[in-house]
Structures are given as structure tokens and as C-alpha cells.
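Residue numbers (the UniProt record's numbering): 1 to 310. Every residue gets a Cβ at the ideal spot worked out from N, C-alpha and C, and that includes glycine. In this text the structure is predicted, and so the values were computed from the model without any measurement. Quick notes on the structure that follows.
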Amino acid sequence: MSWLRASNILVLFMGLTLPLMPLQAVFVRFSPRYARRFPSWYHKKVCRLLGLRVQVEGNIARDNPVLIVSNHTSWLDIPVISSVAPVSFIAKKEVGAWPFVSSLAKLQRTIFIDRERRASVGDTTEEILTRLRAGDSLVLFAEGTSSDGNRVLPFKTSLFAAAKPSALRAAIRRDKEDATSAPAAGSSPENRQVLVQTLTIAYTRLHGIPLSRADRPLVGWYGDMDMAPHAWQLLQAGPIDAVIKIGRPVPLDAFMDRKALAKYSEEEIRKEHVRIMRGVTSDELLEPAQTPSEAEGASPPQSEAKRSYG
Numbered sequence: 001m002s003w004l005r006a007s008n009i010l011v012l013f014m015g016l017t018l019p020l021m022p023l024q025a026v027f028v029r030f031s032p033r034y035a036r037r038f039p040s041w042y043h044k045k046v047c048r049l050l051g052l053r054v055q056v057e058g059n060i061a062r063d064n065p066v067l068i069v070s071n072h073t074s075w076l077d078i079p080v081i082s083s084v085a086p087v088s089f090i091a092k093k094e095v096g097a098w099p100f101v102s103s104l105a106k107l108q109r110t111i112f113i114d115r116e117r118r119a120s121v122g123d124t125t126e127e128i129l130t131r132l133r134a135g136d137s138l139v140l141f142a143e144g145t146s147s148d149g150n151r152v153l154p155f156k157t158s159l160f161a162a163a164k165p166s167a168l169r170a171a172i173r174r175d176k177e178d179a180t181s182a183p184a185a186g187s188s189p190e191n192r193q194v195l196v197q198t199l200t201i202a203y204t205r206l207h208g209i210p211l212s213r214a215d216r217p218l219v220g221w222y223g224d225m226d227m228a229p230h231a232w233q234l235l236q237a238g239p240i241d242a243v244i245k246i247g248r249p250v251p252l253d254a255f256m257d258r259k260a261l262a263k264y265s266e267e268e269i270r271k272e273h274v275r276i277m278r279g280v281t282s283d284e285l286l287e288p289a290q291t292p293s294e295a296e297g298a299s300p301p302q303s304e305a306k307r308s309y310g
């Protein structure tokens with residue numbers, strides 16, 4: 001009867017989503033505050049509907065704009081991460097052409113990156129700057145693709161080009177100079193300090209039973225998988241537990257360039273992913289996980305996705 005479960009979830013999902021899409025469109029046009037917060041409320045409902053039980057350690061900073069660097073496993077990452085805090089995503093341009101998914105992404109004010117055209121990076125950088133200065137929290141999937149859930153793939157430093165610290169620091173410096181010469185009521189330069197936080201996501205249980213290395217790819221959306229059949233299979237599978245570990249806030253000024261930011265983020269996420277997989281608490285000592293570039297003779301991951309949200 002698993003098909004009946006999947007059918008019921010699909011009907012309820014459409015019944016929840018379709019009436020709320022016009023409402024979010026109104027928020028996007030007329031109320032940035034509600035446009036930022038409403039998707040988080042909506043995705044809490046979606047997670048409950050899908051049977052996703054989310055365990056969270058740590059918090060996204062509330063009083064500052066935040067660049068959130070995350071690993072990427074599945075299309076489920078979108079509702080799970082969004083249910084934790086009001087966020088928008090930085091995604092590849094192709095997502096903007098996917099039927100229905102593109103509409104949901106645009107309503108969540110997703111920033112699209114054209115990875116094929118370097119000339120577009122400058123425009124994307126300016127959009128990211130504008131959104132961060134407006135107080136948004138943006139999620140960047142730094143692997144550039146999705147994995148099978150058993151590993152964290154190498155981070156692509158090129159993806160950080162649109163959010164490079166040098167450009168953001170220059171913009172922040174201009175903001176501080178402007179605020180010093182003509183301060184706005186209720187604002188201060190400190191309130192606009194951009195922070196970086198890592199977010200590690202892993203799917204650990206199905207029907208309350210720990211997922212093994214062989215079972216975990218059931219959740220992962222990677223390789224040549226089509227989204228519709230994978231989603232249907234996942235809806236039939238049953239309740240899934242997801243664990244999220246949010247890193248401490250670090251000022252963007254702490255990083256000299258995008259490579260330093262990418263290296264720090266990858267090391268933190270790789271370490272926390274191992275902790276989650278092993279069931280180790282943050283208080284216990286853990287041997288730092290090497291990145292593939294650090295491990296001599298390391299072979300590339302066997303299952304690197306060709307399709308991903310980010």
C-alpha cells in the first residue's frame with residue numbers, strides 16, 4: 001500500500017501548495033519581510049506532510065545577513081533547510097527552467113547563477129550583495145552537485161566567485177562610510193556585518209531504523225536520476241530522519257579570499273558529516289577528515305551528480 005501513501009501525500013502537497021503560491025507572489029511584490037519568512041513556515045508544513053523529522057543543532061544568526069555554505073544530497077534539502085530558518089538559495093540557471101520547480105524557486109527568491117558565462121558572475125555578485133545588505137540569509141551548495149549521501153564531495157571554489165569576500169568587504173566598507181556620513185534611523189554599520197555559517201545535512205533513519213551505507217542512496221538524488229520517479233519512490237518509502245548541524249557564525253572579514261572561505265567551509269562540513277554518520281557528539285574528539293586534495297592518491301567520488309538544485 002506504499003503507492004497509496006505516496007498518492008495521499010502528493011494530493012495533500014498540491015492542495016497545500018497551489019493556493020499559497022499566489023499569496024507568496026503578493027508578498028514578493030509588496031512585502032519583503034513576509035516574502036522572506038513565509039517560505040520557512042510553508043516548508044515546515046511540507047516536512048510534516050512528507051514525514052521528514054528534522055533534528056537541528058545550532059542556529060542561523062538572526063540579526064545579521066548570513067551566507068550559509070552547505071553540502072547537498074537531495075531535492076529534500078530544500079524543504080528541510082528552509083524549514084529551519086528563513087533562507088533563499090543560490091542555484092544554477094537550469095533550475096529556473098524546470099517545470100513547476102522553477103515557479104517554487106522563484107517564489108522563494110532564488111538567485112540563479114549562469115556557470116557557463118563568466119561575464120554573468122559580476123551581475124550575480126551584485127545581486128548577492130544587494131540581498132545580503134537587505135538582511136537576507138543565502139544558502140550556497142558548495143559541492144556544485146548532489147551526492148549519494150555517504151560522503152561530502154570536494155567543494156568547487158569557482159562557486160564562491162559570486163560571493164567572494166573581497167567584493168563583499170568593499171561593499172560593506174562603502175556602507176559603513178555612507179552610514180558614518182549620513183546615518184539612517186534605526187540602522188548601524190554593525191547591523192550589516194555579513195556572517196558565514198556552515199550547514200551540514202545528513203539523512204540518518206528510515207522508519208526509525210538507521211540507514212546503512214547501502215540504503216542511504218535511496219534518499220540521495222544524483223547521477224542520471226529523473227526527479228519525478230525518484231520523488232515517487234521516496235514518497236512511498238516512509239518517514240525519514242534528517243540531521244542538521246549549523247556551525248558558529250564567522251565574520252566574512254575573517255577570510256582573505258574565496259579559496260580560504262571554501263577551504264574552511266569544506267573542512268567544517270566534512271568533519272561534521274563524519275560526526276553525524278558515526279553518531280558522535282560535538283563534545284567528543286574526532287580525527288579531522290581529509291579533503292580529497294589532501295589525501296595522497298585519493299580517488300574521485302564514484303557517484304557525482306549531474307543534476308542538482310544548486
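Asked, Found
"Rounded to whole angstroms, what's the CA-CA distance from A91 to K106? Just pull it up for me.", "11 Å"
"To which residues does DSSP link Q55 through a beta bridge?", "V243"
"Helix, strand or coil for F155, going by three-state DSSP, please let me know.", "coil"
"Is DSSP giving L211 helix, strand or coil here?", "coil"
"Return the first residue and the last residue of the beta strand (DSSP E) that Q197 is part of.", "195-206"
"Count the other C-beta atoms from every protein chain shown that fall within 10 angstroms of the C-beta of W3, then say buried if there are 16 or more, exposed otherwise.", "exposed"
"How far does the alpha helix (DSSP H) with F255 in it reach, from first residue to last?", "Segment: none, F255 is in no alpha helix (DSSP H) and carries neither H nor E."
"Closest to G15 by CA distance: which of V46, F30, L76, A35 is it?", "V46"
"How close, in whole Å, do the beta carbons of V219 and I240 come, if the pair is a contact with beta carbons under 8 Å?", "6 Å"
"Out of A214, K271, F13, L104, state which residue places its alpha-carbon closest to the alpha-carbon of M21.", "L104"
"According to the neighbour-count rule (16 or more other Cβ atoms, all chains shown, within 10 Å of its Cβ), is P268 buried or exposed?", "Checking the sequence shown, residue 268 turns out to be Glu, not Pro. Classification for E268: buried."
"Does the count of Cβ pairs from the stretch 30-38 and the stretch 257-265 closer than 8 Å reach three?", "no"
"Counting C-beta neighbours from all protein chains within 10 Å, is the total for V80 16 or more, i.e. buried, or is it exposed?", "buried"
"Helix, strand or coil: how does DSSP classify L234 here?", "helix"
"Report, in whole angstroms, the separation of the C-beta atoms of L132 and I111, which I expect to be a contact under 8 Å.", "About 10 Å; that fails the 8 Å criterion."
"Rounded to whole angstroms, what is the Cα-Cα separation between D136 and R205?", "32 Å"
"Under a Cβ-count criterion, where at least 16 other Cβ atoms within 10 Å of its own Cβ denotes burial, should G238 be classed as buried or exposed?", "exposed"
"Looking at the unbroken beta strand (DSSP E) that takes in F141, where does it start and where does it end?", "137-141"
"Do you know offhand how far V87's Cα is from A97's?", "21 Å"
"Using only CA atoms, which one of V101, P154, Y203, D253 lies nearest to L234?", "Y203"
"Taking C-alpha atoms, which residue in F13, N59, S74 lies nearest to I68?", "N59"
"What three-state label does DSSP hand I9 in the structure shown?", "helix"
"Helix or strand or just coil, what does DSSP make of L261?", "helix"
"Could you pull the DSSP bridge partners for K92 from this structure?", "I113"
"Any idea if A305 is buried or exposed, counting beta-carbon neighbours within 10 angstroms, 16 or more meaning buried?", "Its pLDDT being 39, under 50, A305 is placed unreliably in this model, and the value from its coordinates should be taken loosely. A305 should be labelled buried."
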